[in-house]
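4 protein chains.
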Amino acid sequence: MKLTDSPREMMDFGSDNEAPVRPVIMSAIVAENCGTVLSYGEDATTAALRPAFEELFGTDLEVMPVSTGTAANAISLSQVMPPHGATLCHHYAHIRTHECGAPEFFTGGKLIAVGGDNGKLDPAELRAVLKSNEKTRYHSNRASALSLSQATECGTVYTPDEISALAKVAHEHGLVVHLDGARLANAVAHLRCSPASITWQAGVDILSFGSSKNGTLNAEAIISFGSHRWFDDVKYRLKQTGHLLSKTRYLSAQLLAYINSGLWLEWAREANALATLMAEGLEKHEDIRLAFPVQANVVLVEMPQALADHLHKSGARFYPWAESPGCFRLVMSNSTDEKQVQTFLRLARAG
Amino acid sequence: MKLTDSPREMMDFGSDNEAPVRPVIMSAIVAENCGTVLSYGEDATTAALRPAFEELFGTDLEVMPVSTGTAANAISLSQVMPPHGATLCHHYAHIRTHECGAPEFFTGGKLIAVGGDNGKLDPAELRAVLKSNEKTRYHSNRASALSLSQATECGTVYTPDEISALAKVAHEHGLVVHLDGARLANAVAHLRCSPASITWQAGVDILSFGSSKNGTLNAEAIISFGSHRWFDDVKYRLKQTGHLLSKTRYLSAQLLAYINSGLWLEWAREANALATLMAEGLEKHEDIRLAFPVQANVVLVEMPQALADHLHKSGARFYPWAESPGCFRLVMSNSTDEKQVQTFLRLARAG
Amino acid sequence: MKLTDSPREMMDFGSDNEAPVRPVIMSAIVAENCGTVLSYGEDATTAALRPAFEELFGTDLEVMPVSTGTAANAISLSQVMPPHGATLCHHYAHIRTHECGAPEFFTGGKLIAVGGDNGKLDPAELRAVLKSNEKTRYHSNRASALSLSQATECGTVYTPDEISALAKVAHEHGLVVHLDGARLANAVAHLRCSPASITWQAGVDILSFGSSKNGTLNAEAIISFGSHRWFDDVKYRLKQTGHLLSKTRYLSAQLLAYINSGLWLEWAREANALATLMAEGLEKHEDIRLAFPVQANVVLVEMPQALADHLHKSGARFYPWAESPGCFRLVMSNSTDEKQVQTFLRLARAG
Amino acid sequence: MKLTDSPREMMDFGSDNEAPVRPVIMSAIVAENCGTVLSYGEDATTAALRPAFEELFGTDLEVMPVSTGTAANAISLSQVMPPHGATLCHHYAHIRTHECGAPEFFTGGKLIAVGGDNGKLDPAELRAVLKSNEKTRYHSNRASALSLSQATECGTVYTPDEISALAKVAHEHGLVVHLDGARLANAVAHLRCSPASITWQAGVDILSFGSSKNGTLNAEAIISFGSHRWFDDVKYRLKQTGHLLSKTRYLSAQLLAYINSGLWLEWAREANALATLMAEGLEKHEDIRLAFPVQANVVLVEMPQALADHLHKSGARFYPWAESPGCFRLVMSNSTDEKQVQTFLRLARAG
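Chains as they are written, first to last, in my numbering: chain A, 44 to 394; chain B, 44 to 394; chain C, 44 to 394; chain D, 44 to 394.
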């Protein structure tokens, strides 16, 4: 086996960002490439986003495409939070650990970390942090928003009830509820629920709807449920932050193709299934332990460094998990296939 | 002629942002869509940018792709200017009039407007503003950077000597010199000069190298000449502002295709030629006056509102120029052709 | 006459900031210096501000002391304006010319300059700028607030009707109206009106109530009329910007003493009268021309450089006015007396 | 005993911010109140700060007074750290827990918490966090500064060697070392060391020199040791943040009086001695446990809520410590006397 000869087809479990764009998405980009249209999202393709997403979520909403998940998260939060505000999120939240301070920069404010098992916020701890935040008053930033990740950074998935419980606490304290849905597709595929049931029906006010980790090139959507007052100015904010693409139509075309005919869920189901296959194989290994239940396309395992070294040398790409020593992260992307997983499992057994 | 039946093929002189992507650029995007690679610009395609641009500019440099010109401008300036600093630019500068306060938001600082004919800064006025700025000391933001647009927002082009003269004044006062090259190709095509001669050889320290207005989808490059210390952290800054695309390779592929074999200049020459054709036609019209010399792909004309209305009704798209009442802007894009220009000229004569 | 022997008693027309603190204010500071009290403005002296100012303005309001006028202005604006917003103000506005970009830094947004004679905004021009701002939409910052200076930087005073007219235009376009009242006392003294008539009754929503230029040490007040929702969090914002003094009581004590028994207006009347004396004297001089009507404590005059040099050499301190070459600014402070003015006038005649 | 009759003389252990200004400081303010002088710190009193502090610290330095410790900390950090940077500090650091996000707002960046016993950073953990920060690269803010508190928020004091060890690690990783010296006097008094030995000689680059908690009204100093390049623009930054007082001379007068003849250390010794007395008394109490060694003027104790309630009802003011349930904070200020401490101890014994 000479995986390294063909680096673009290697066993790449490094990130779902490293995969190429799904052909059907690329076709949609190419198909959009016709004629002159109004720029900055005033085009017909972008106008089609709203009805398409309203159908998908079964409610009225506002939607605006941007190029990155970090932009979607930071811009959303900056629209609903003052500089002296704080967003509460899990210790492991992507906005806290992997966005180089984007929420702080865009909002002027702060993130406050809250704990909870399996990468999910604990409602009791959330309540305690909010109570403490009220007591410290103006000495601390005022809690203004709650941000949840679905699926979580640990590869776990909140149930609709879990989100509702957290949103309820947040709303009782006047917070806006934001959902970082970079891997929303994986969560919906896992739960076999409607997208509505884990978003607006569960109390989510704003959604960063991801797609780049699941097959598109650079298309994320900021979605506002319920009150849309903050959304009125969203194009001003996008423009000010360099995120209003003149040729927005190409982002919109990707999103339309992505949610059309359930492709987004089909792709997520495939990645989830490969993660389950991987997890079931690895947990039989006596030196490997699953760090969290595997419910999406991310598998976090504890394994000896020597075994990890062996797998790296054998051609697998994956990284240690920064949050916990001895832990490694394996991500199934749209370019992962069963053969790669089986090869990895075989190599692990032989390691 | 029923232009409105086919909105995507109308006489669109509204903006070079409204045109589609050049087929050869789209092919480069599609060709890049193969295999998994490292994300966030750690890929081989992105690594190829530096030697390619070093060859183009004939000097060592640093280069980083971003999705929008606004991001390129604002991020560049924020890396070389403190919050209490100021960037000096022309009254008409895009960063001042059309970026919704992006430079101010990214830097925390301020823009100071300087005048000059034909959209070009006047060195004597620049010197006077700098002198005054030094006098007011900490009551005003400290002048820290000079930003020039090439080609300018008026469709004019600085000569190498003009840039050198301004850069000299700026450097004497300790300012960094930034060039907003959203239409750099048009300037180079007009001047028939080397890209080097109007950038680093003329004293430009940082360049926003544009391509989206000239045929690509969303590919601009931040280029640092000379001292690169500020560039070391540029990926941190991109990440923090949501501008580090996970799939950066698709931006890089566009830029490589764009500068390959002189395509960028060929396209710019075409657009410039159409602008010249348009200008020569319009200046024969007794009710129309060219507002500025036409040296790039932008034609600014003064015409009666009734004539503009007539042209709009006849199917032409173009907008009033916000900077001067009675003035209208006509932009030649990569989807403009001679027939559209001739039709427009005929309609104007009949108007 | 050897003024320079005693630099602290020289003819100082440089700034009303250069004067010492009025003895009665200093006594109030000393009197406050007793016992331990709650910090951060939770003390009884600070609590007394609200009823005292409500009585002064004849309406319910919220009030919070800060140490500088720049802080009062920038914090006020940042509470009512988003980062993608803009505050409209006069070209000469202190917030635009003398606060080193504080409004931009605190708000993230921008200032848009509007013209008008005598340092007062012209309502027609304001309306035109607002109309243009609406047209450019998200390419420019959205107009969000109007900031007026009373008295103006030119030493002129808006009548209640002039403020009403401007506030009406602003409110029609959804803007918040802010008044920079660094020299409010001088305006009220000049108009012989109630403080209410040029503030909330004329449509002012937020007031920076100044006192440091008129006899206190470091006491300015942010005052909110009408809707106070933005005020709820003002202590958070003060704390975040380093402007919530632990020993706020000493600021509050100054403000209470300042507005007690009309002292603030008595002192302003004195300074205004000296300015009138100075103006009447200077306008008789054949080489001197008043640049603006003298309605407060600031006199702006055009005079030959040689005459200015002569006066400087004779021991007078005053500065050229940055906004207009050949123009000089003379400010009457609480340490100016009639003798100094008369000496200055005599020297000018002899110059 | 009827403490509540005289609220301004109660047993106030709430905060050293709640005490009045020392008479000698107030006298210095009053003495400064004479004549007109240049504003914005261009006066002779402010000019005297540099030689006075250079003598105190035995080295050349730059110094600039500001009104609050939060301003001193946040402005210092913002001058030496980019928006994508991070300042490392203890979990309990005042800049992290009690400044309402000021460092984040001023810098645009982030704080990263590091652990360590007794409120002091652990060098090994610091090293580990820095190593991890380098690994995550642009996904996290780049570690740029280290901020230590001396005395710490736990009432403990770093030895010179402890500071040196931490500064060494910081410098090895290219970080600037900042010391939050809100209670520097208490630390110097405890260590009986020279101010130099725990600042620049131990590797501190920037010092927030506090005095407001130890007897002044509103006088803190930003002090730069070693390279002063960042200091050149400090007045611009102060002005932009509303922290450049027009009448800076009154801050400077306080600082000069404060460090004159060792008064600052005398007062700190008094407060420290009272804290020791309090600690020795309380630790004999069977229901009370000292949470940390008592080395400055702050005593943190664990005590039953019922006992705390009893003491509150008996007229003592003190607060629960937000960082740890069941823990209470007692602070000795310049208005605390031995009688109050003895009364408190007696009440505790009787509780």
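No residue lacks a Cβ here, since even glycine has one placed at the ideal position from N, Cα and C. Predicted model only: the values in this text are computed from it and were never measured.
Annotation: the stretch 210-293 of chain B contains the following complete segments of the alpha helix (DSSP H) (minimum length 4 residues), in chain order: 227-234 and 277-283. With respect to the C-alpha of residue 183(D), the residue from 227(A), 145(A) and 185(A) having the closest C-alpha is 145(A).
Secondary structure of residue 384(B) (DSSP, three-state): helix. Residue 283(D) belongs to the set of residues whose beta carbon lies under 7 Å from a beta carbon in chain C. For the stretch 263-295 of chain B, the set of residues with a beta-carbon nearer than 8 Å to any beta-carbon of chain D comprises 276, 278, 279, 280, 281, 282, 283 and 287, in chain order. The beta carbon of residue 361(C) sits closer than 7 Å to those of 56, 57, 371, 372 and 373, all from its chain and outside the five residues before and after it, given in chain order. In the three-state scheme derived from DSSP, where H, G and I count as helix and E and B as strand, residue 96(B) is classed as helix. Exposed is the label assigned to residue 272(C), since fewer than 16 other Cβ atoms lie within 10 Å of its Cβ.
The continuous stretches of alpha helix (DSSP H) do not include residue 53(C), and DSSP gives it neither H nor E. Beta-carbon to beta-carbon, residue 246(C) and residue 220(C) are separated by about 6 Å, close enough to satisfy the 8 Å threshold. Among the bridge pairs identified by DSSP, residue 128(B) is matched with 185(B). For residue 240(B), same chain residues with a beta-carbon under 6 Å away, outside a window of 5 residues either side, are 203 in chain order.
In this structure residue 352(D) is exposed. Its beta-carbon is surrounded by fewer than 16 other beta-carbon atoms within 10 angstroms. At a Cβ-Cβ threshold of 7 Å, residue 302(B) and residue 104(B) do not count as neighbours.
Secondary structure of residue 190(C) (DSSP, three-state): strand.
Non-local beta-carbon contacts of residue 252(D) in its own chain, meaning distances under 7 Å to residues more than five positions away in sequence, involve 224, 227, 263, 264 and 266 in chain order. When the beta-carbon positions are compared, residue 343(B) and residue 334(B) come within less than 7 Å of each other. For residue 73(B), the uninterrupted alpha helix (DSSP H) segment begins and ends at 66-75.
In this structure, residue 149(D) lies away from residue 192(D), with their beta-carbon atoms at least 7 Å apart. Each residue's CA atom was taken as its position, placing residue 162(A) and residue 244(A) some 22 Å apart. For residue 181(D), the closest Cβ of chain B is nearer than 7 Å. Taking 9 Å as the upper bound on Cβ-Cβ separation, chain D lies near residues 121, 122, 125, 126 and 127 of the stretch 102-127 of chain B. Note that the C-beta distance between residue 147(B) and residue 147(C) is below 7 Å. In the same chain as residue 330(D), and ignoring 5 residues on each side of it, the C-beta atoms closer than 7 Å to its own belong to 346, 347 and 350, in chain order.
Any Cβ of chain C closer than 7 Å to the Cβ of residue 347(D) would place that residue at the interface, and such an atom is absent. Secondary structure note for residue 174(C): its alpha helix (DSSP H) is the uninterrupted segment 166-179. Within the DSSP secondary-structure output, residue 107(B) pairs in a beta bridge with 265(B). Note on geometry: alpha-carbon atoms of residue 155(C) and residue 132(C) lie some 6 Å from one another. With 16 or more neighbouring CB atoms inside 10 Å of its own CB, residue 292(C) falls in the buried class. Counting other Cβ atoms within 10 Å of its Cβ, residue 355(A) stays below 16 and is therefore classed as exposed. The CB of residue 168(A) never comes closer than 9 Å to any CB in chain D; the least such distance is about 13 Å.
About 6 Å separates the beta carbons of residue 179(C) and residue 365(B), which is inside the 8 Å limit, making them a contact pair.
What residue 148(D) touches in chain A, judged by beta-carbon distance under 7 Å, is 126 and 151, going in chain order. The Cβ neighbour count for residue 197(A), taken over all protein chains shown within 10 Å, is at least 16; the residue is labelled buried.
Scanning chain D for C-beta atoms nearer than 8 Å to the C-beta of residue 184(A) yields 143 and 144, reported in chain order. Shown here, residue 362(D) sits in a strand according to DSSP, grouped into three states.
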